[in-house]
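Chemist: At position 498 of the sequence shown the residue is numbered 570 (my numbering), and the sequence of numbers has no breaks.
Quick reminder that beta carbons are idealized off the backbone N, C-alpha and C, glycines included.
The structure presented is a predicted model; accordingly, all values stated were derived computationally and were not measured.
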Amino acid sequence: MKQFFRLFAYAKPYIPKLILGFFLVVLVGQSPLFMPLVQKFLIDTVLGSANAPLASIDLTFRDDLDNQAGLSNVLREQLERQGLFLSSSTAISIENRGEKWRIDDTETGQKYRIKQQVFRLDSDFQKKQYLEKLEGITDVAEFQRMPEPLRKESEEASNKLRKAFEDRGILLSPKTIVSVEEAGSHWLVIDRATGKQHTIWKESGKLYAAEGEIKVYAATVTHTLLGREFHYTLVDWLIIILVVIVVYYAIFGVLSYLCTFVMTWVSQRILFDLRNSVFSHLQSLSMQFYESQGTGQIISRVREDVASLRNLATQTTIQIVTDAVTFILMLGLMLYWNWKLTLFSLIIFPLIIGNYHIFIQRLRPMWRQWRHKWADIGTGMYEAVAGAKVVKAFHRERYHERQLFHNMRETLESRIKIEATQTAMGRVALFFRSIGRAAVLCYGGYLVIQGDFTIGAMLAFYQFMERLQEPIMNLIRVNTQIQEAMISAERVFGLLDSEPTVEEPPDAINLTNIRGHVKFEDVSFHYEPENPVLHNINLEAKPGMMVALVGPSGCGKTTIANLISRFYDPVEGNIFVDEYNLRDVSIKSLRNQMGIVLQDNFLFAGSVAENIRFGKLGATDEEVVQAALAANAHQFIVDQLPEGYETEVGERGMRLSGGQKQRIAIARTILRDPRILILDEATSNLDTESEAQIQEALDRLMQSRTSFVIAHRLSTILNADMIIALKEGRIVEVGTHEQLLDADGMYADMYSKQFKNTNSIDDDSAWAA
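(1) For the alpha helix (DSSP H) that Leu751 lies in, which residues bound it at each end?
(2) So what's Phe565 in DSSP terms, helix, strand or just coil?
(3) Looking only at its chain, what residues have a beta carbon closer than 7 Å to the beta carbon of Ala691, apart from the 5 residues adjacent to it on each side?
(4) Within its chain, find whatever has a CB closer than 7 Å to the CB of Lys445; leave out the 5 residues flanking it on each side and keep chain order.
(5) Would you call the CB atoms of Met618 and Ser637 closer than 8 Å?
(6) If I'm right that Ser570 touches Pro642 with Cβ under 8 Å, what's the distance once you round it to whole angstroms?
(7) Does the Cβ-Cβ distance between Ser417 and Gly508 come in under 8 Å?
(8) Could you tell me the boundaries of the alpha helix (DSSP H) in which Arg509 lies?
(9) Give me the Cα-Cα distance between Ala699 and Thr741, rounded to the nearest whole angstrom.
(10) Do the segment 557-571 and the segment 433-447 touch if we need at least three Cβ pairs shorter than 8 Å?
(11) Tell me the DSSP secondary structure of Ser625 in three-state form.
(12) Mind checking which residues open and close the alpha helix (DSSP H) that includes Val710?
(13) Three or more C-beta pairs under 8 Å: does that hold for the segment 699-714 against the segment 776-791?
(14) Throw me the rounded Cβ distance for the Arg373 and Val574 pair, which I believe falls under 8 Å.
(15) Output the distance between the C-alpha atoms of Ser356 and Ser349, rounded to the nearest integer angstrom.
(16) Considering only their Cβ atoms, is the gap separating Ile795 from His784 smaller than 8 Å?
(17) From the DSSP output, which residues share a beta bridge with Thr778?
(18) Between which two residues does the alpha helix (DSSP H) holding Arg663 run?
(19) Straight-line CA distance for Met406 to Gly426?
(20) Pull up the CB-CB distance for Ile452 and Leu423, whole angstroms please, since I reckon it's below 8 Å.
(21) Under DSSP, the alpha helix (DSSP H) around Lys825 begins and ends at which residues?
(22) Please say whether Leu798 and Val804 have beta carbons closer to each other than 8 Å?
(23) How would you call Val315, buried or exposed, if buried means at least 16 neighbouring beta carbons within 10 angstroms?
(24) Taking the alpha-carbon of Asn683 as reference, which of Gly628, Ala702, Arg724, Val649 has the nearest alpha-carbon?
(25) Counting beta carbon pairs with one atom in the segment 671-682 and one in the segment 620-627, are three or more of them shorter than 8 Å?
(26) If you drop the 5 nearest sequence neighbours on each side, which residues of the same chain put their C-beta closer than 6 Å to that of Asp448?
(27) Would you check if the distance between the CB atom of Asn653 and the CB atom of Asn646 is smaller than 8 Å?
(28) Rounded to the nearest angstrom, how far is the Cβ of Ala703 from that of Arg727, given a contact under 8 Å?
(29) From the DSSP secondary-structure annotation, give me the bridge partner or partners of Gly807.
(30) Ordered along the chain, which non-local residues of its own chain (more than five positions away) have a Cβ less than 7 Å from that of Ala633?
(31) Buried or exposed for Leu415, going by 16 or more other Cβ atoms inside 10 Å?
(32) Could you tell me which residues DSSP puts in a beta bridge with Pro604?
(33) Since Ile586 and Asp650 are thought to touch, with beta carbons under 8 Å apart, how far apart are those beta carbons, to the nearest angstrom?
(34) Among the candidates Val457, Asp656, Tyr428, whose CA atom is the shortest distance from the CA of Asn546?
(35) With 16 as the cutoff for other CB atoms within 10 Å, does Phe827 come out buried or exposed?
(36) Taking the alpha carbon of Lys854 as the point to measure from, which residue in Met335, Leu513, Gly325 has its own alpha carbon closest?
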């Protein structure tokens, strides 16, 4: 997790946007919980159950009663019995007689619609008696003179209701009015003394009470009968509902878009900053790092590994928080509902988490191995493309194909193992979830049988349990992604943790306008402790001197050049430039005073002018041309290249010949105007004409500069002020050309063998002799 917090540090500049994104993600993530609230609001508004004085009214009349006034009086009296007192100006009308009544209270402006249930009497005597009783009701007391069957049923229902409430600790006042709905779905009680409404839902013959506002449980929206009418028709309400739903999803869509945009912006900025940080750190590392790492490995870390961390500090983090919030909310609701069943449903979670832990231990080395194999593929592809000329020249296309196929096959097999293991982890977790579901259904069914839980509540609880498990499974899936991304994080931060082997002190000295006096004092060096390269090197190059380094391959010539450039620091001893110890000077200021021309110079993809200008950024076109003239490059640039200085040289200068690339590199160094010059085999492997032109340019370049020349062709160093002959990391001879010939030592022997045949000399045979 250390890498995770280090990655999160890159998100600090974007905390405000990250907080906004977090809010939007949480809001969008919890939107499925909002829709039931919207539905309830619409139901309450249409039916008026939340605001109307009554939630339901039971009216039981004959369907053949024709007297409008009688019906109005009966309706008014029965409404008063149930707690709805209408003003004297209330108008009552009959719509679709036998189905519903409509009440328009002109004093308060409220409208009510009451569904009427038909009560039929068998005999004509009963019908006549019942009609007379209905027409004669004038006050609440007349309720006792209603037909015996109806009065008895109401009294029994009232007693049942009163007892059901009292059993649950709700004591009703004597003024309580009871409404009986014959459909058997619920009972309504209005307490005149307290003004409270109580609803009892009757399910499977068992009563349970809910005080206050009617509670609508999951998958149970059966509340009916009375609602506020609002002057709207059913079609009007359908249109309103449709508009509300469209607006809801429009808002949801806008929030989702904003959420995606903000989080994408933040993740891309983090990716941009992290990649810049990695690349910037790469530039600060010493040559030892580049020589110890494969090109494909480095590129893979900068590209694939950084890209895999893109969402780790944004979407992944917010997904974790969102799922955690959802889990807490759902767990709280379930505990409030039935804590025993909730605790029982949590038994499976240790099994799921344990399953995850076991599989992750197996997956982690698989991810690490897959990452390394994928980087090897990148290295192979890079080498195949960069060395395409060599591959084709030796007709080794099939060899590279087989090699790449082998690496890709290993990567494929590694990935298949990862996917198979992850799938197995998911299937085992699903098995445990199924066990948990079955256990909850069994225990919940037992509670229903015992009368401690209802069927509707049980079904709703099961749905909540499904919602509770989803965040846990999401967290496990996200954590799996985190664990895989941590392998990439290890590689990325491992690169960022790589320290340069060449460091400069905080108070480093800036070199300006140096003379070029270079001195080695007892310098020893090794790349590996067991293989020393240089032993007690002592040399001094005065300003403007040309110092030639000669000797067989591996004797330490290039290492001395690397130490002067401070690509490495000596293991022992000190190197001075103008009496400044190189360990005490700024690396940037030192290299600004130096120029290097190699045997195989690197040209960047771009124009000829851009490659020359690389020696001095911001140089004018005139300065570029003058440098090319001094390097004997101007003529071929304007005569042979199709677009002159604007000609694209291609990747690594592949569109130019070796001599042309060398002259452009010399022009680049001339434009830099260094005080110390290093030429490492600058004229090797060139044709005679190119060598002559380049040598002339180098002679011009070395004037008034301290130059270190590494050469196999001794003809290029005959005029050197000092020639140093090296063997096995030690200086064996020092002097001018004539002095070393007179000494008749190693240099004289090399010179003699090299010039036996003036037409062609095999350098390796010369050094091997």
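Modeler: Per the coordinate set shown:
(1) Along the sequence shown, read from residue 1 onward, the residue named residue 751 stands at position 679. Here Leu751 belongs to no alpha helix (DSSP H); instead the beta strand (DSSP E) covers 748-752.
(2) Position 493 of the sequence shown holds residue 565. In the structure shown, Phe565 sits in a helix (DSSP, three-state: H, G or I).
(3) As a first step, residue 691 is located in the sequence shown; it is residue number 619 there, counting from the start. Around Ala691: Arg685, Leu743.
(4) If you number the sequence shown from 1, residue 445 lands on position 373. Cβ within range, chain order: Asn479, Glu482, Thr483, Ser486.
(5) For this step, residue 618 is matched to residue 546 along the sequence shown. For this step, residue 637 is matched to residue 565 along the sequence shown. No; because the gap between Cβ atoms is not below 8 Å, this pair is not in contact.
(6) Within the sequence shown, numbered from 1, the residue matching residue 570 stands at position 498. Within the sequence shown, numbered from 1, the residue matching residue 642 stands at position 570. Wrong, their Cβ atoms sit about 21 Å apart, outside the cutoff.
(7) Your numbering for residue 417 matches position 345 in the sequence shown. Your numbering for residue 508 matches position 436 in the sequence shown. Yes, they are a contact pair.
(8) Along the sequence shown, read from residue 1 onward, the residue named residue 509 stands at position 437. Counting along the chain, the alpha helix (DSSP H) containing Arg509 begins and ends at 469-522.
(9) Locating residue 699 in the sequence shown gives position 627, counting from the first residue. Locating residue 741 in the sequence shown gives position 669, counting from the first residue. Computed Cα separation, rounded: 8 Å.
(10) yes
(11) The sequence position of residue 625 within the sequence shown is 553, counting from 1. Ser625 falls in the coil class under three-state DSSP.
(12) Along the sequence shown, one-based indexing puts residue 710 at 638. 706-712 is the span of the alpha helix (DSSP H), which, as asked, contains Val710.
(13) no
(14) One-based indexing of the sequence shown puts residue 373 at position 301. One-based indexing of the sequence shown puts residue 574 at position 502. At roughly 21 Å, the Cβ-Cβ gap does not stay under 8 Å, so Arg373 and Val574 are not in contact.
(15) Working through the sequence shown from its first residue, we reach residue 356 at position 284. Working through the sequence shown from its first residue, we reach residue 349 at position 277. Between Ser356 and Ser349, the C-alpha separation is close to 11 Å.
(16) The residue given as residue 784 occupies position 712 in the sequence shown. The residue given as residue 795 occupies position 723 in the sequence shown. Against a cut-off of 8 Å, the Cβ pair of Ile795 and His784 comes out as no contact.
(17) In the sequence shown, residue 778 corresponds to position 706, counting from 1. Ile748, per the DSSP bridge assignment.
(18) By 1-based counting over the sequence shown, the position of residue 663 is 591. Unbroken alpha helix (DSSP H) run through Arg663: 659-664.
(19) What you label residue 406 is simply residue 334 of the sequence shown in a count that begins at 1. What you label residue 426 is simply residue 354 of the sequence shown in a count that begins at 1. Looking at the two C-alpha atoms, the distance is approximately 24 Å.
(20) Locating residue 452 in the sequence shown gives position 380, counting from the first residue. Locating residue 423 in the sequence shown gives position 351, counting from the first residue. According to the sequence shown, residue 452 is Gly rather than Ile. Incorrect: roughly 44 Å between the Cβ atoms, too far for contact.
(21) Taking the sequence shown and counting its residues from 1, the one referred to as residue 825 is at position 753. Segment 818-826, the alpha helix (DSSP H) holding Lys825.
(22) Counting from one through the sequence shown, the residue named residue 804 turns up at place 732. Counting from one through the sequence shown, the residue named residue 798 turns up at place 726. Against a cut-off of 8 Å, the Cβ pair of Leu798 and Val804 comes out as a contact.
(23) What you label residue 315 is simply residue 243 of the sequence shown in a count that begins at 1. That one is exposed.
(24) By one-based count along the sequence shown, residue 683 stands at place 611. With distances taken between Cα atoms, Asn683 lies closest to Arg724.
(25) no
(26) The residue you call residue 448 lines up with position 376 of the sequence shown. Excluding sequence neighbours, Asp448 sits near Asn479.
(27) Position 581 of the sequence shown, counted from the first residue, corresponds to residue 653. Position 574 of the sequence shown, counted from the first residue, corresponds to residue 646. Result yes, Cβ atoms of Asn653 and Asn646 sit closer than 8 Å.
(28) For the purposes of this step, residue 703 is identified with residue 631 of the sequence shown, where counting begins at 1. For the purposes of this step, residue 727 is identified with residue 655 of the sequence shown, where counting begins at 1. Actually they are not in contact, since the Cβ atoms of Ala703 and Arg727 sit about 18 Å apart, beyond 8 Å.
(29) The count along the sequence shown starts at 1 and reaches residue 807 at position 735. Per DSSP, Ile795.
(30) Counting from one through the sequence shown, the residue named residue 633 turns up at place 561. Excluding sequence neighbours, Ala633 sits near Ile750, Asp752, Phe780, Ile782.
(31) Position 343 of the sequence shown, counted from the first residue, corresponds to residue 415. Looking at its Cβ environment, which holds fewer than 16 other Cβ atoms inside 10 Å, Leu415 is exposed.
(32) The sequence position of residue 604 within the sequence shown is 532, counting from 1. Pro604 is bridged to His598.
(33) Reading the sequence shown from its first residue, position 514 is the one you call residue 586. Reading the sequence shown from its first residue, position 578 is the one you call residue 650. That pair is a contact at about 5 Å.
(34) What you label residue 546 is simply residue 474 of the sequence shown in a count that begins at 1. Here the closest residue by C-alpha is Tyr428.
(35) Position 755 of the sequence shown, counted from the start, is the residue given in the question as residue 827. With fewer than 16 other Cβ atoms within 10 Å, it is exposed.
(36) Residue 854 is absent from the structure shown; the chain starts at 73 and stops at 841.
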